[in-house]
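Visitor: Throughout the sequence shown, residue numbering follows the numbering used here, covering 24 to 239 in sequence. Every residue gets a Cβ at the ideal spot worked out from N, C-alpha and C, and that includes glycine. Bear in mind the structure is a predicted one, so any value in this text is a computation, not a measurement.
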Amino acid sequence: MKLYTYWRSLATFRVRIALNLKGLAYDPIFIDLDAGEQRSAEFKAVNPQMVLPALVEDDGHVLFQSMAIMEYLDEIHPEPALLPADPRGRARVRALSLISVADSHPLIVPRVRAHLGATFNLDDAGRMSWARHWFAAGLDAYEAHLARDQATGLYCHGDRVTMADLCLVSHAMGYKVFKGGLDQHPTVKRIVEACMADARFARAQPLRQPGAPPAP
Ligand SMILES: N[C@@H](CCC(=O)N[C@@H](CS)C(=O)NCC(=O)O)C(=O)O
């Protein structure tokens, strides 16, 4: 399998963790988002949406959208399961996942930040403030749900890692890249620390990818 990836792509981070948890090897193909390589004709032929990640199976089949890829991997490699067995549990895990995937992350991706600059003259500091605002709003939502719900355990849903943890970790570590911390979100912090103690999460994280700046 080939994974089109970039160090700071949070959507790809989610997929890298899923691949590691499932024990699946992949060849990384680096697309420099800061240099705009996602808009090259070569990558557009792989994913016409011009966003990472894209996962290309050995027969050439292309998968895109991180949540669809995670669920696909879970269906063809069921162990360890990324979704609970019961419908309510699956709904909760998907809902927690979507706080980041659908509601927060889309607001801070490079094309949105670039549009804010090019069309609305928002400077670097303003775009940073925008991104941190939406990361923090997502963390507030996670914290409120996770702290009040008895279904929360060592991880987002019970005591086993689920897709919600992959999404939460990508969100929290992305906030770190944007110089944010988790002190105001203790339940999130506890779960993220539990996940990041696992080498399969840790080696997928942005700052450990080729091309990343040195860790602070
Ligand atoms: N909902 C998509 C998000 C895809 C996305 O926006 N990826 C970002 C990197 S995390 C990207 O490639 N952005 C390119 C751009 O904004 O130009 C997913 O979860 O896969």
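#1: Check whether the segment 181-193 touches the segment 140-158, counting contact only when three or more Cβ pairs, one atom from each stretch, lie closer than 8 angstroms.
#2: What does the Cβ neighbour count give for HIS138, buried or exposed, with the cut at 16 atoms within 10 Å?
#3: Is VAL124 near ligand 1 - that is, is its Cβ less than 7 angstroms away from at least one heavy atom of it?
#4: Would you mind stating whether LEU105 and MET90 have Cβ atoms separated by less than 8 angstroms?
#5: According to DSSP, VAL79 sits in a beta bridge with which residue or residues?
#6: Short check: CB of ARG37 to CB of CYS190, under 8 angstroms?
#7: So, under 8 angstroms CB-CB, ALA187 and VAL116 are touching, yes? Tell me the CB distance rounded to an integer number of Å.
#8: Would a C-beta distance cut-off of 8 angstroms place LEU169 and VAL200 closer than the cut-off?
#9: Whole-angstrom Cβ separation of LEU33 and GLY197, contact assumed at under 8 angstroms?
#10: Please classify ILE40 as buried or exposed, where buried requires at least 16 neighbouring CB atoms within 10 angstroms.
#11: What residue from ALA174, PHE224, ASP163, GLY234 has the CA that sits closest to ASP206's CA?
#12: From the beta carbon of PRO229, is the nearest beta carbon of chain D less than 8 angstroms away?
#13: What are the boundary residues of the beta strand (DSSP E) that ILE52 is part of?
#14: Is the beta carbon of TYR29 closer than 8 angstroms to that of LEU75?
#15: Beta-carbon within less than 6 angstroms of PRO51's beta-carbon, same chain only, minus the 5 sequence neighbours each way: which residues are those?
#16: From PRO236 to ALA48, what does the alpha carbon distance come to, in whole angstroms?
#17: Tell me which residues share the same chain as ARG171 and place their Cβ nearer than 8 angstroms to its Cβ, disregarding the 5 neighbours each side in the sequence.
#18: Let me check one thing: in DSSP terms, what residues is GLY181 bridge-paired to?
Guide: With the structure as the only source:
#1: no
#2: exposed
#3: yes
#4: no
#5: According to DSSP, which records beta bridges pairwise, VAL79 is partnered with LYS25, VAL85.
#6: yes
#7: 5 angstroms
#8: no
#9: 4 angstroms
#10: buried
#11: Taking the Cα of ASP206 as reference, the smallest distance to any Cα among ALA174, PHE224, ASP163, GLY234 is reached at ASP163.
#12: Among the protein chains of the structure shown there is no chain D, as only one such chain exists.
#13: 50-53
#14: Taking 8 angstroms as the cut-off, the Cβ atoms of LEU75 and TYR29 count as close.
#15: LEU26, THR28
#16: 24 angstroms
#17: none
#18: THR175
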